[in-house]
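K.L.:
Okay, handing you the structure first.
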Amino acid sequence: MTVQQKNPRIQSVSLKRSSEGRYLVLWGATAKEIPSPPDPNLILTEDDKAYWYDREYSGWNVEKVNIPESPRNGAAGKRVIYLQPGANHPYMETYTQTVRERCAQADMNLTVFNAQWSAKRFEEYVNEAIASRPDLILLNPEDQERSDTWYRRINEAGIPVVGGNFLADNEGHRYLLAWTGPDDWGQSRMLARHLADCLGRQGGYAILQHKKGNSSYYARTWGVISELKDYAPGMTHLASAPGMEAEDAQRSVETWLEQYGDKLKGIFCVDDGEAMRAVSAVLMNGGREDIKCVAAGSSNTGLELILEGKLEATSYQSPVIDAETAVQSIVDWFDGLSIEPIRYLPRHIVTRRDAADFLDEGILISSLNLERLYGHIREYNWKGSYDFFGDLYNRFLTAHVIPTEMFQGICLEILTGIIIILAEDGLSVEETIGSYDSLAKHIFSRKDIPAVLEWMNDMCQRAIAAKAAKLNRKTAIQEIIEFIDSHYTEPLSLKSLSYQFSISQAYLGQMFRKEKGEKFNDYLNRKRVEKAKTMLKGENVPINKVARELGYSDPAYFYKIFKKIAGLSASSYVKENSL
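Structure, rendered in structure tokens:
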């Protein structure tokens, strides 16, 4: 099976825990576009984007080998081994702790092997893991080039293997059930463009690098260089040096300041933690706070540096969400669910505009007036209710990060208000919006927040419809249908109606189908054809004229619709009814 997925799904992080125990909502992530591979006959250099195609888009054009079938009996009781590259780094420590916690919640038996950043020890642990015959292995390989061998050997032993965090090479993807982790290349390119914009796309820049040989080394070095070659040709790459350790970062920046002086305008730092803090100290001590910096990470240290004005931006990358995504893929596979061969985390650049949100500060949905919504329901104002949820969604978009307790609390409060309003008119809650159990399930188990808000709006519309029916008042959709029935001979479409009644086209389509049991176009065409039958019974009535009078600008389309609904052509119908 060759996997060629052009629009991969980006893992939603709605209702995912942060390291502080709160839940996050990250909006605006888009699918990663996978371009076609470059012409193999092209002569490329390392600063060309296409040169790194196989690393950046690894796994998208591979043929899977010997992929085992899921047992389809759940994750509980399964033995899982996590091969960890090393500890002594906040990201890896949090990632591993989260894997432990989520495996425990799924009742899986987890064993962690910590290679302590040694490829030799990692090799030994791969052998030990294979020998122990677990139900699945989660492998996070720092050495990207050697990982192919490790994945293949696990696969050949008949053990399911999932890759996490550090990228695998193309060859390694052949043997994986799935790979999950950050889109390191995509985020590095976004950071590079942000740095260029801060510098007016001019000046020299330098890069503090990850440990050579792992996927982050390539993404955060050559992703930056190749991106700026195209995006900011006026910028010059001055130097690159190791920078994961604070001491290395400090020495490198001190050397660059002496060597390049005012030519150095920007720094791309591989990590926004202690390494970036060391960079900031060197720049301040050297009187070079004019140098613009961006960094990968989004640790609390990096976020604080942004708010202090010492860092321009950092890439959002949560170790908790990273680990949860890997474990969720494992659980899904044991349950027999289809899992994506590649599941990226969303891409996002944190700047001063939203850094406070990610530090769990200022997370507020301001001026939320639920009484306004309740007033709309009591006044049968379906449009006002619809607009309320559109406004609420925009508030969430502005917040970027919210605690799930806040989101769930808002939903529960709205449902409570609906229940009270239904009780005022003696209406049954269960008959109108469903059982209390089903209502709670929608709020607490659904992971797609926009879908929950749409569902909440539907509950309000049901309440309005129930109240209106009791008093023999017209509902919103009934008003629209009456308009259609009176104007069906005019040019009509869901789009034009959505503009006229100030409602989204998609929601109007849903409301119409629920009310009439058929699609809008089918209903409209059926009414027009019934009218056409009456009009065509007269003598010498031109069919083209009938089509135009019924709102069809294209007579050929009218002929097609007429035959489909009436069972015979318009001309045949005229002949039969003129005898």
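Numbering follows the numbering used here, in which position 557 of the sequence shown is assigned residue number 547; successive positions increment by one, without gaps.
Where a beta carbon is used, it is the ideal one built from N, C-alpha and C, also for glycine.
So if DSSP puts Lys282 in a beta bridge, which residue, or which two residues, is it bridged to?
P.N.:
The partner list for Lys282 (beta bridge, DSSP) reads Gly256.
K.L.:
I'd like the span of the beta strand (DSSP E) that includes Ser425, first residue to last.
P.N.:
Ser425 -> no beta strand (DSSP E), and no H or E assigned at all.
K.L.:
Helix, strand or coil, according to DSSP, for Asn104 in the structure here?
P.N.:
Asn104: strand per DSSP, three-state reduction.
K.L.:
Looking only at DSSP bridge pairs, what is Gly193 linked to?
P.N.:
Gly193 pairs with Met225.
K.L.:
Taking Cβ positions only, does Tyr370 come closer than 8 Å to chain B?
P.N.:
In the structure shown, chain B does not exist; there is a single protein chain.
K.L.:
Measuring only the C-alpha atoms, how far is Ser572 from Val442?
P.N.:
In the structure displayed, the chain extends from -9 to 569; residue 572 sits before or after that span and is not available.
K.L.:
When DSSP labels each residue in this structure, what does Ser356 get in the three-state scheme?
P.N.:
Any reading at Ser356 needs caution, since the residue's pLDDT is 43, under 50, leaving its predicted position unreliable; the model's value is listed next. Ser356: coil per DSSP, three-state reduction.
K.L.:
Decide if Thr86 is buried, meaning its Cβ has at least 16 other Cβ atoms within 10 Å, or exposed.
P.N.:
By the neighbour-count rule (16 or more Cβ atoms within 10 Å), Thr86 is buried.
K.L.:
So what's Pro545 in DSSP terms, helix, strand or just coil?
P.N.:
The answer is helix: DSSP assigns Pro545 an H, G or I state.
K.L.:
Is it buried or exposed, His338, if we count other Cβ atoms within 10 angstroms and call 16 or more buried?
P.N.:
Buried, because 16 or more other Cβ atoms sit within 10 Å of the Cβ of His338.
K.L.:
Between the C-alpha atoms of Glu403 and Ala496, what's the straight-line distance to the nearest angstrom?
P.N.:
So the two alpha carbons sit approximately 27 Å from each other.
K.L.:
Am I right that Asn130 and Asn99 are in contact with their C-beta atoms under 8 Å? What's the rounded C-beta distance?
P.N.:
That belief does not hold up - the Cβ atoms of Asn130 and Asn99 are roughly 19 Å apart, past 8 Å.
K.L.:
Does the distance from the C-beta atom of Tyr195 to that of Lys255 stay below 8 Å?
P.N.:
In contact: Tyr195 and Lys255 (Cβ atoms closer than 8 Å).
K.L.:
What does DSSP give as the partner residue(s) for Ser73 in the beta ladder?
P.N.:
Here residue 73 turns out to be Leu, not Ser, going by the sequence shown. The partner list for Leu73 (beta bridge, DSSP) reads Phe103 and Leu129.
K.L.:
Whole-angstrom Cβ separation of Leu405 and Leu429, contact assumed at under 8 Å?
P.N.:
Going by Cβ atoms, the distance from Leu405 to Leu429 rounds to 6 Å, so yes, they are a contact pair.
K.L.:
If Gly76 and Asn104 are in contact, beta carbons under 8 Å, what's the gap, nearest whole angstrom?
P.N.:
That belief holds up - the Cβ atoms of Gly76 and Asn104 are roughly 7 Å apart, short of 8 Å.
K.L.:
Can you pull the DSSP bridge partners for Ser153?
P.N.:
At residue 153 the sequence reads Gly, which differs from the Ser that was named. The partner list for Gly153 (beta bridge, DSSP) reads Leu129 and Trp169.
K.L.:
Would you decide whether Thr88 is buried or exposed? Buried here means 16 or more other CB atoms lie within 10 Å of its CB.
P.N.:
By the 10 Å Cβ count, Thr88 comes out buried.
K.L.:
Please classify Arg626: does DSSP put it in a helix, a strand, or coil?
P.N.:
Missing from the structure shown is residue 626; the chain here goes from -9 to 569 and no further.
K.L.:
Here's the rule: buried if 16 or more other CB atoms are within 10 angstroms of the residue's CB, otherwise exposed. What is Ile33?
P.N.:
Flag for Ile33 reads exposed.
K.L.:
To which residues of the same chain is Asp159 closer than 8 Å at the C-beta, ignoring the five residues directly before and after it?
P.N.:
For Asp159, where only same-chain residues beyond five positions count, the Cβ hits under 8 Å are Asp44, Arg45, Ser48, Gln134, Glu135, Ser137 and Asp138.
K.L.:
Between which two residues does the beta strand (DSSP E) carrying Tyr306 extend?
P.N.:
Where Tyr306 is concerned, the enclosing beta strand (DSSP E) stretches over Ala303 to Tyr306.
K.L.:
Ignore the nearest five residues each way along the sequence and tell me which others in Phe510's own chain have a CB closer than 7 Å to its CB.
P.N.:
Answer for Phe510: Leu484, Gly499 and Phe502, listed in chain order.
K.L.:
Whole angstroms are fine: how far does the CA of Glu480 sit from the CA of Tyr549?
P.N.:
Approximately 17 Å between the Cα atoms of the pair.
K.L.:
Going by alpha carbons, who is nearest to Ile281 out of Tyr41, Ala265 and Glu302?
P.N.:
Checked all of Tyr41, Ala265 and Glu302; the closest Cα to Ile281 is Glu302.
K.L.:
Per DSSP, which residues does Ala231 bridge with? Please list them.
P.N.:
For Ala231, which the question treats as bridged, DSSP gives the partners Leu198.
K.L.:
Are three or more beta carbon pairs between the stretch 138 to 151 and the stretch 21 to 31 nearer than 8 Å?
P.N.:
Cβ pair count under 8 Å is below three, so no.
K.L.:
Please go through the same chain and pick out, in chain order, the residues whose beta-carbon is closer than 6 Å to the beta-carbon of Gly18, but skip the five residues on each side of it.
P.N.:
Since pLDDT at Gly18 reaches only 36, below the 50 mark, its modelled position is unreliable, and no value is offered.
K.L.:
Taking Cβ positions, are Leu295 and Arg267 nearer each other than 8 Å?
P.N.:
Result yes, Cβ atoms of Leu295 and Arg267 sit closer than 8 Å.
K.L.:
Given this structure, state the Cα-to-Cα distance separating Ser206 from Asp174, to the nearest angstrom.
P.N.:
Using only the alpha carbons, I get a separation of about 7 Å.
K.L.:
Please state if the CB of His163 and the CB of Val52 are separated by a distance shorter than 8 Å.
P.N.:
Yes, these two residues count as a Cβ contact at 8 Å.
K.L.:
Going by DSSP, what residue range makes up the alpha helix (DSSP H) through Thr86?
P.N.:
Run containing Thr86: Pro80 to Gln95, per the alpha helix (DSSP H) assignment.
K.L.:
Is the separation between the beta-carbon of Ile411 and that of Ile367 shorter than 8 Å?
P.N.:
Yes; because the gap between Cβ atoms is below 8 Å, this pair is in contact.
K.L.:
Alpha carbon to alpha carbon, how far is Pro150 from Gly287? Give it in angstroms, no decimals.
P.N.:
When rounded, the distance between both Cα atoms is 30 Å.
K.L.:
Find the nearest neighbour of Asn117 within the set Ala147, Arg90 and Trp107, judged by alpha-carbon distance.
P.N.:
Among Ala147, Arg90 and Trp107, the Cα nearest to that of Asn117 belongs to Ala147.
K.L.:
Along the alpha helix (DSSP H) that carries Met274, what are the first and last residues, could you check?
P.N.:
Residues Glu264 to Asn275.
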